[in-house]
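Residue numbers (the numbering used here): 568 to 890.
For each residue, glycine too, the CB sits at the ideal point set by N, CA and C.
Taking it in order: structure first as structure tokens, then the write-up.
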């Protein structure tokens with residue numbers, strides 16, 4: 568794990584599920600300060616009641632506002648960029664807003680970080696960014712490419728940028744688990760397609776992977792954890808075994824299966840025991856990982872339907888009960 572002793576860390580979207588778990592975790596280290604950067608004053612107020620540590624600062628702002636980011640990044644060593652428009656449906660019906668937040672916001676983060684002398688930036692991505700079908704995935708793919716290319720843009724400055732890409736987070740806001748729990752009293756649980764599969768990761772695992780990636784990063788990588796897949800039908804059975812399953816049809820922008828590494832990405836990817844590293848295709852990248860990792864075979868892809876690791880109904884029920 569990256570040693571954060573004496574560091575000032577800023578988390579965009581810091582009042583979200585990931586941000587709160589990440590902040591509670593790093594407060595166990597001897598950090599100097601952590602800044603919660605978000606635009607929702609109510610969520611900041613509520614979080615301030617829960618987190619009373621004197622090392623926390625709350626900063627109202629929007630990643631669309633570059634001037635505000637310049638002010639917030641003053642004296643910051645590490646930035647974790649978790650702010651985004653994440654809801655697939657909301658992005659489909661508000662496309663310009665998704666572009667402003669997820670793409671223009673990424674550019675603002677990059678420019679503010681370089682100019683303010685931030686040491687490291689990790690941007691959180693999503694499996695929907697690999698071979699995207701919906702606008703959310705497309706904006707996050709653009710964001711990923713911006714953060715990778717930012718290592719060239721930084722020139723002789725010391726700021727490094729990397730990306731962490733993973734799947735659905737168990738227990739996060741907007742997760743299907745609380746929705747299934749809420750609706751099961753009706754006796755019917757709707758799912759869009761009984762073939763649907765998804766990658767799953769817990770909040771604790773996601774936070775730990777980001778901290779590990781802070782340690783490993785050299786700037787330009789997309790880090791992908793090896794995590795299990797699950798069938799949405801199995802999840803419905805785990806949470807509401809007594810309910811009737813209703814197939815309601817795939818929603819706009821929704822895939823049957825998700826991908827984290829496409830066949831094209833795989834040619835630039837190095838595999839390790841518990842994660843993959845998608846290396847940047849830039850002349851400054853020296854393929855420094857090849858000595859400790861291994862190249863992937865031709866035709867490899869990492870998708871939720873061909874994964875070798877699967878969660879059973881019992882495991883899914885245990886995870887859901889723990890929320």
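Beta bridge counterpart(s) of residue i as assigned by DSSP
| i | result |
| --- | --- |
| residue 600 | 575 |
| residue 767 | 735 |
| residue 870 | 826 |
| residue 797 | 765 |
| residue 818 | Paired residues: none, contrary to the question. |
| residue 605 | 627 |
| residue 812 | 756 |
| residue 647 | 578, 689 |
| residue 729 | 689 |
| residue 789 | 730, 845 |
Whole-angstrom C-beta distance between residue j and residue i, which should lie under 8 Å
| i | j | result |
| --- | --- | --- |
| residue 636 | residue 675 | 5 Å |
| residue 780 | residue 824 | Actually they do not touch by this definition, with Cβ atoms about 25 Å apart. |
| residue 686 | residue 725 | 7 Å |
| residue 732 | residue 693 | 7 Å |
| residue 786 | residue 728 | 6 Å |
| residue 650 | residue 630 | 5 Å |
| residue 843 | residue 791 | 4 Å |
From the options, residue whose alpha carbon lies closest to that of residue i
| i | options | result |
| --- | --- | --- |
| residue 655 | 699, 619, 614, 618 | 699 |
| residue 816 | 772, 760, 723 | 760 |
| residue 583 | 593, 607, 569, 594 | 607 |
| residue 624 | 640, 862, 867 | 640 |
| residue 845 | 679, 711, 652, 880 | 711 |
| residue 643 | 626, 621, 633, 602 | 602 |
| residue 820 | 658, 736, 610 | 658 |
CB contact below 9 Å: residue i versus chain B
| i | result |
| --- | --- |
| residue 756 | The structure shown contains no chain B; it is built from a single protein chain. |
Review point. Does the segment 568 to 576 come close enough to the segment 597 to 606 that 3 or more CB-CB pairs lie under 8 Å?
Key: yes
Point to revise | Contiguous beta strand (DSSP E) assignments of at least 3 residues, all confined to the segment 828 to 868 | key: 836 to 838, 842 to 845
Point to revise | Entirely enclosed beta strand (DSSP E) segments - the segment 674 to 706, minimum 3 residues | key: 687 to 691
Practice item. Mind the definition here: the segment 767 to 779 touches the segment 847 to 854 only if three or more C-beta pairs lie below 8 Å; say whether that holds. Key: no
Review point. Touching or not, the segment 612 to 626 and the segment 799 to 814, by the rule of three or more beta carbon pairs under 8 Å?
Key: no
Exercise for review: Could you say if the segment 829 to 844 and the segment 663 to 681 meet the contact criterion of at least three C-beta pairs nearer than 8 Å?
Suggested key: no
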